[in-house]
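*Asks:* In the numbering used here, the protein residues as written are -6 to 557.
Encoded as structure tokens, here's the structure I'll be asking about.
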Amino acid sequence: SASGTTFQTERPVFAQDNLESLLTAHNVTVSAQPPGSGQSPLLTLLVSFGPALLLIGGFLYLSRRTAAAGAGGILGAFGRSQAKLYSPDSGPRTTFNDVAGIDEAKADLAEVVDFLKEPQKYQKLGAQIPHGILLVGPPGTGKTLLARAVAGESNRPFFSLSASEFVEAIVGVGASRVRDLFAQAKAAAPSIIFIDELDAIGRSRASSATFGANDEREQTLNQILTEMDGFTQNQNVVVLAATNRPEVLDPALLRPGRFDRRVTVSPPDRVGRAAILRIHTRGVSIAPDVDLDDIAGATPGLVGADLRNIVNEAALIAARKNHTAVQRDDFDEAIERSLLGLRRPITLGQDERRLIAYHESGHALLGLLIPEADPVKKLTIVPRGLSLGVTLSQPIDDRYNYPEGYLRGRITSALGGRAAEEVVYGSVTTGAENDLMQVNQIARSMVVRWGMSPRLGPLNLTEPGDSTISPQISPETASLADEEERRIVNECYQEAIRLLQENRDRLDRLTEAVLKKDTLDQDEIYAATGLSKPRNRALLAPVLPHNGSSRDHELARQATDAER
-6 SASGTTFQTE RPVFAQDNLE SLLTAHNVTV SAQPPGSGQS PLLTLLVSFG
44 PALLLIGGFL YLSRRTAAAG AGGILGAFGR SQAKLYSPDS GPRTTFNDVA
94 GIDEAKADLA EVVDFLKEPQ KYQKLGAQIP HGILLVGPPG TGKTLLARAV
144 AGESNRPFFS LSASEFVEAI VGVGASRVRD LFAQAKAAAP SIIFIDELDA
194 IGRSRASSAT FGANDEREQT LNQILTEMDG FTQNQNVVVL AATNRPEVLD
244 PALLRPGRFD RRVTVSPPDR VGRAAILRIH TRGVSIAPDV DLDDIAGATP
294 GLVGADLRNI VNEAALIAAR KNHTAVQRDD FDEAIERSLL GLRRPITLGQ
344 DERRLIAYHE SGHALLGLLI PEADPVKKLT IVPRGLSLGV TLSQPIDDRY
394 NYPEGYLRGR ITSALGGRAA EEVVYGSVTT GAENDLMQVN QIARSMVVRW
444 GMSPRLGPLN LTEPGDSTIS PQISPETASL ADEEERRIVN ECYQEAIRLL
494 QENRDRLDRL TEAVLKKDTL DQDEIYAATG LSKPRNRALL APVLPHNGSS
544 RDHELARQAT DAER
């Protein structure tokens, strides 16, 4: 400028083209050079290559860290076993004294405990204990607890993990984890490996081939088979695995030398449930009016996990009510919450409330009129869980076999709500959705699993361990099975309508009673209907011994739910 002052700036890309001539006209000397030409060369290199150098440096750092851990490079950390180790000195041990209701399973595993304690006794005689033992049973029956009790009784290291923890998105990680797990177990021998939910990786490879094989899962399964084949007599590693779907396992897992011993962990009977309740109430203050044997009788079909939740829920209820000990009423409320769900604070209109009362009264009345039906314990129109009303029926004792008349009684009673709507209102609502689902399941099983169709005869048409019809069955036979299922349901529905029409006065009286009190117990139900309470409903004795499968047991529980 004219004063000799120097200014430095950058010309923006959107500046006017006549800017230079304008400055020159005002006696301004302009000196221009390209942007960045005055920067240090070192700074230019850092800006250009710095990010890439940081990435390379981070990669090398992680590689050295994982290699130092013996993991074989950056992917090695994924290949290490995720199993949790429970050592004998790590804390309180679980023993057979902590397990109840599954005495047969405990007896089967006592031999394994003895082998882990004194392996020389067996080895001197040339005997080999099974290295693979499969625990089979419904969820919540205590399979994991039983495996930990084996470790506690034998005082040996216990490696526990779920089968799904083997598998990752990176191919080869599962097999690497299997190798690492078995290497740790062999180093700590005598030891126990427990794999929960084995069916997550042990499914039959034949079924996988149909829909496209899962390479990672198959590699993991193959590595387990290889490791179990590599056991020698003096390694003293026992592999326990648990599943509730043994029918889907690959046959290679079940051959001799692998999981060649199967221990069934069944739901407990009444005596077993009482024993489980005594274990779970050890640290709970119980009032004198609580009879655990009675509570066991009021919880048919429940397993150990269910009973533990009931005890805990009863203690929570007692604490909320400021009780000094858990009373019988607290247990009754806890059982209702477990079986029926929590109360829902919703307000129903009078018309809808009456409709629900007729629906539930239809269930309850048929439960009283049908000789084969289970006794009705409670009737309520208080909304609980997903239901707007509940009819609770419970068997007198545990059932392990289900005669055809009993199953038909189940279906008829479950259809009582819909039938009551048709008898009283001449139309039906959506309230029977869950009832129909359970009805369909029972009728389907009667036809395709239990041979209770005169037209089809004593045939089982299903795939092993499944309720679906086998693809080997002809379309004509499958169509006939559908017809027979509809016939059974329709016959039971007509029977439900007939009984309610003949006892319409009882249906009306029961409905009015439950509308007044919201909830009726067994004595009040009989009083409202004018029926005499039977002293005892004799159970139909099974003709042949029955090995009641867990699926049959679950079906019975679901059928009870259908009467709610």
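Don't be surprised by glycine CBs; every beta carbon is placed ideally from N, CA and C.
Please check the pair Ser406 and Leu359, which I expect to be a contact at CB under 8 Å, by giving their CB distance rounded to whole angstroms.
*Replies:* 5 Å
*Asks:* Going by C-alpha distance, which of Glu469, Pro368, Arg336, Asp501 is nearest Val416?
*Replies:* Asp501
*Asks:* Are the region 235 to 246 and the region 453 to 471 in contact at 8 Å, needing three or more beta carbon pairs?
*Replies:* The region 235 to 246 vs the region 453 to 471: in contact.
*Asks:* If we ignore side chains and look at the alpha-carbon of each, how far apart do Ser155 and Thr373 end up?
*Replies:* Distance between the alpha carbons of Ser155 and Thr373: 41 Å.
*Asks:* Thinking Glu397 and Met445 are a contact (beta carbons under 8 Å), I'd like their distance in whole angstroms, please.
*Replies:* About 5 Å; that satisfies the 8 Å criterion.
*Asks:* Go ahead and label Met439 buried or exposed: buried means 16 or more other beta carbons lie within 10 angstroms of its beta carbon, across all protein chains shown.
*Replies:* buried
*Asks:* For the alpha helix (DSSP H) holding Asp514, just list the boundary residues, first then last.
*Replies:* From DSSP, Asp514 is part of no alpha helix (DSSP H) but of the beta strand (DSSP E) over 512 to 514.
*Asks:* Please report the residue range of the beta strand (DSSP E) in which Gly125 lies.
*Replies:* 125 to 129
*Asks:* Pull up the CB-CB distance for Arg263 and Ala298, whole angstroms please, since I reckon it's below 8 Å.
*Replies:* The pair is not a contact, with the Cβ atoms about 17 Å apart (cut-off 8 Å).
*Asks:* Inspect the beta-carbon positions of Leu128 and Val230 and report whether they are closer than 7 Å.
*Replies:* no
*Asks:* Which residue's Cα is closest to the Cα of Pro376: Pro132, Glu478, Glu329?
*Replies:* Glu329
*Asks:* Would you give the residue range spanned by the beta strand (DSSP E) that Val383 belongs to?
*Replies:* First-last of the beta strand (DSSP E) with Val383: 383 to 386.
*Asks:* Using 8 Å for Cβ pairs, my map puts Tyr351 next to Ala413. What's the rounded Cβ distance?
*Replies:* 5 Å
*Asks:* Using the C-alpha atoms, what's the distance from Gly424 back to Ala318?
*Replies:* 40 Å
*Asks:* Please determine if the region 387 to 395 and the region 458 to 472 are in contact, where contact requires at least 3 C-beta pairs separated by less than 8 Å.
*Replies:* no
*Asks:* Determine the DSSP secondary structure at Asp390, reduced to helix, strand or coil.
*Replies:* coil
*Asks:* To the nearest angstrom, how far is the alpha carbon of Thr553 from that of Gly409?
*Replies:* Unreliable positioning characterises Thr553 in this predicted model, as indicated by a pLDDT of 38, which lies under 50. The coordinate reading is nonetheless provided below. Between Thr553 and Gly409, the C-alpha separation is close to 13 Å.
*Asks:* Give me the Cα-Cα distance between Ile217 and Gly119, rounded to the nearest whole angstrom.
*Replies:* 25 Å
*Asks:* On a CA-only basis, which of Arg403, Leu361, Asn427 is nearest Leu381? Give me that one, please.
*Replies:* Here the closest residue by C-alpha is Asn427.
*Asks:* Within the continuous alpha helix (DSSP H) that includes Asp286, where are the two ends?
*Replies:* 285 to 290
*Asks:* Check whether the region 134 to 148 touches the region 94 to 108, taking contact to mean three or more Cβ pairs, one atom from each stretch, closer than 8 Å.
*Replies:* yes
*Asks:* Could you check where the alpha helix (DSSP H) with Arg313 kicks off and where it finishes?
*Replies:* 297 to 313
*Asks:* In the DSSP output, what is Arg255 paired with across the bridge?
*Replies:* Leu127
*Asks:* Please classify Ala182: does DSSP put it in a helix, a strand, or coil?
*Replies:* Ala182: coil per DSSP, three-state reduction.
*Asks:* Would you say Gly334 and Gly378 are within 7 Å of each other, going by their C-beta atoms?
*Replies:* Yes, the pair counts as a contact, with Cβ atoms nearer than the cut-off.
*Asks:* Please go through the same chain and pick out, in chain order, the residues whose beta-carbon is closer than 8 Å to the beta-carbon of Asp511, but skip the five residues on each side of it.
*Replies:* Thr373, Ile374, Val375
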